[in-house]
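Protein chains in written order, with this note's numbering: chain A, 1 to 332; chain B, 1 to 332. Inspection log for the structure reproduced underneath, given as structure tokens.
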DNA sequence: CTGAAAGCGCTTACAG
DNA sequence: CTGAAAGCGCTTACAG
């Protein structure tokens, strides 16, 4: 039915081994032999069977990317970059949507893929560090995000404390004094970014007001919109808001527009992620812009290095470069 | 090294066949045997090797989704829905980013996946119908989008002519008379949506003005922004714009904001896709909203039906339900 | 229900 | 360079 290696060999008049050598770019093939084999491959439309290859070699050249949701712009953009970075290296990426559910994340770690993948890039949301430690994937794993890896795994992440410090300090430098934060709850992202936020307030001689720190229930536009409504209902509303991601900021901007408030005159807004929406929103959104291409490229490179067998015990922790992009939402 | 089926069999004190039967939910297993086997699986942490299974069965329970780019909101949202729909049925989705490049699309069709996948859901951009016809994937294929399938393949798509007619007619009903269109160029999407646009103008007794039909170079925000700038530079600028997707519309809104024009008072804007950004933009975006979950579920169901062996010759063409969501960009 | 065996399509020592 | 053969881990007739 499907053409096999042996069919190609027969047609080219060479051994199976030689065809395999050609396909895998092994040395010691004369140009003439290579030509013959390639002609036979083309004539038969032969494609190697990856299941068979993977079964035999124990390597598939597939890696998994496990993210909470691919419909969310930050993860969509990141997934696109990681796919590209992998493709450049001849690797295919399988994307797992965990929806942030512990069970789904555990499935990923348990090797749900049935030994098909060679390694995994994992952006955890629900899984606690303790569980991560016990996760015996048996495959190399690179962590994304602020969740501390406990020195167990390689990790690639923005220095969120410093970035949040910068974002908040920017608002301080504008003369704002009642600076709120949206997204402090739940995840470790919230905790880490709040740390930088508070640090900046302290450095500016401001005390943080618990009433201005909103947790919300998630990191999406509706959560930002709802949190902003709470802030506006305060006896003394804020004159600036640092949202812990752009989606929250976009939701907050929507609430401010509905309330007829001017941005940045009445309330200045800063986000985090630099997703494309923020660059076209009215007003355009000031934000922390991590270098996503750098992130993707280094995460893939790190993983492939481990897959290739580099197992030294010094687990690497890479810090993603970022910039603060000042746009209309803070600079009228 | 890795535990195998035979290890489980040995530990459970049963035959390899019995373990396989349990794993694959075959009948005629006593509860007691099943328990023993499941205990052994749990104790050993056994996971079936999908490469071996796929090699033997000729089926992997993997399908591919080939889209131009996963970083683009519409495709990101659609990909998320398709992943979910597939997961519900025990199927895993591999996502291929073609970047709309002919070579990449051809690779997909040539079965680059090396017979790993059971079928493919394909959203073509560059590949012409003629090439599609000749594509001998050897696997079931479901087409997405307006590109006519020529009766060759199953297809799931919005009735873009009708939807564009509705969008344009909505602008007419607002009393607008100089209604521009952005995105008429290049792709078959542009051609089809222009058809509906012109039809609506004609039905309203308006003639279409070539100066108001902008092709642009793509379907992203910058393209929409640039096209809108061209329209504003016209001696007689439009009083409404139908953008052939939301990204174009969001770019156009940005240009209008920069120009100090009011939406919808000066210019009304309609998009197509209903991506989440449009629901939070200021102003919120009126748009054609296809039922993405319906689309995803039916595309997956159609493909799995073919994979299961339904090969009747009546190729199916499913029409995705949609609504016109009227928001601030047309209803002040 | 069980057990022994073949075979899916590769890669890889092995002997030449 | 070639050729013959083993084996990756499954599933599946086959005989019982």
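By construction, the Cβ of each residue, glycine as well, lies at the ideal position given by its N, Cα and C atoms. Please read all numbers here as calculations on a predicted model, not as lab measurements.
Asked	Found
Quick one: any contact between the stretch 303-310 of chain B and the stretch 239-255 of chain A, if contact means 3 or more CB pairs under 8 Å?	no
Indicate whether residue 145/A and residue 123/A have their beta-carbon atoms separated by less than 9 Å.	yes
Could you tell me whether the stretch 72-86 of chain B touches the stretch 32-46 of chain B, where touching means 3 or more Cβ pairs closer than 8 Å?	no
Residue 280/A versus chain B: which residues are under 7 Å apart at the beta carbon?	221, 250, 251 and 254
Kindly indicate if chain A contains any beta-carbon less than 9 Å away from that of residue 225/B.	yes
Sort 96/A, 87/A, 180/A and 172/A by Cα distance to residue 107/B and report the nearest one.	87/A
For the stretch 67-86 of chain B, which residues have a CB atom closer than 9 Å to at least one CB atom of chain A, in sequence order?	69, 70, 71, 72, 73, 75, 76, 77, 78, 79, 80, 81, 83 and 84
Quick check on the burial criterion: 16 or more other C-beta atoms within 10 angstroms. Buried or exposed for residue 24/B?	exposed
Which residues share a DSSP beta bridge with residue 244/A?	Answer is none; residue 244/A lacks a bridge partner.
Look at the Cβ atom of residue 187/B, then the Cβ atom of residue 160/B, and state whether they are nearer than 9 Å.	no
Pairing CB atoms from the stretch 211-229 of chain B with CB atoms from the stretch 167-187 of chain B, are three or more of them under 8 Å?	yes
Taking Cβ positions only, does residue 190/B come closer than 9 Å to chain A?	no
DSSP three-state call for residue 308/A: helix, strand or coil?	coil
In the DSSP output, which residue or residues are listed as bridge partners for residue 98/A?	According to DSSP, which records beta bridges pairwise, residue 98/A is partnered with nothing at all.
Can you confirm whether residue 193/A, when its beta carbon is compared against all beta carbons of chain B, has any partner nearer than 9 Å?	no
Residue 277/B versus chain A: which residues are under 7 Å apart at the beta carbon?	277
To the nearest angstrom, how far is it from the Cα of residue 233/B to the Cα of residue 210/B?	15 Å
Can you list, in chain order, the residues of its chain with a C-beta nearer than 7 Å to that of residue 230/B? Leave out the 5 residues immediately preceding and following it.	214
Which of the residues in the stretch 17-51 of chain B, read from start to end, lie with their CB under 9 Å from any CB of chain A?	45, 47, 48, 49, 50 and 51
Does the separation of the CB atoms of residue 238/A and residue 178/A fall below 9 Å?	yes
Please list the partners that residue 261/B has in chain A, where partner means a Cβ-to-Cβ separation under 9 Å.	In chain order: nothing, as chain A lies at least about 12 Å away.
So within the stretch 197-247 of chain A, which uninterrupted alpha helix (DSSP H) runs reach at least 4 residues, ignoring any that extend past its ends?	221-232
So, helix, strand or coil for residue 44/B, using DSSP?	helix
Mind checking the stretch 148-175 of chain B against chain A and listing, in chain order, the residues whose C-beta falls within less than 9 Å of any C-beta there?	none
Based on DSSP bridge pairs, tell me the residues matched to residue 51/A.	None; residue 51/A has no bridge partner.
If you measure from the CB of residue 292/A, is any heavy atom of the ligand ZN nearer than 8 Å?	Judged by which ligands are present, the structure shown has none, so any question about the ligand ZN falls away.
Only counting the same chain, and skipping five residues up and downstream in sequence, which positions put a Cβ closer than 8 Å to that of residue 8/A?	19, 37, 40, 41, 44 and 46
Examine chain B for any beta-carbon lying closer than 9 Å to the beta-carbon of residue 303/A, and answer yes or no.	no
Can you tell me which of the three DSSP states residue 64/A falls into?	strand
Any Cβ of chain B within less than 9 Å of the Cβ of residue 7/A?	no
Just how far apart, CA to CA, sit residue 276/A and residue 67/B?	19 Å
Residues of chain A with a CB under 7 Å from the CB of residue 268/B: which are they?	The premise fails here: residue 268/B is roughly 16 Å from chain A at the closest Cβ pair, so nothing lies under 7 Å.
By alpha-carbon positions, which one of 156/A, 274/A, 3/A and 152/A ends up nearest to residue 312/A?	152/A
Look at the Cβ atom of residue 300/A, then the Cβ atom of residue 89/A, and state whether they are nearer than 9 Å.	yes
Between the beta-carbon of residue 303/B and the beta-carbon of residue 63/B, is there less than 9 Å?	yes
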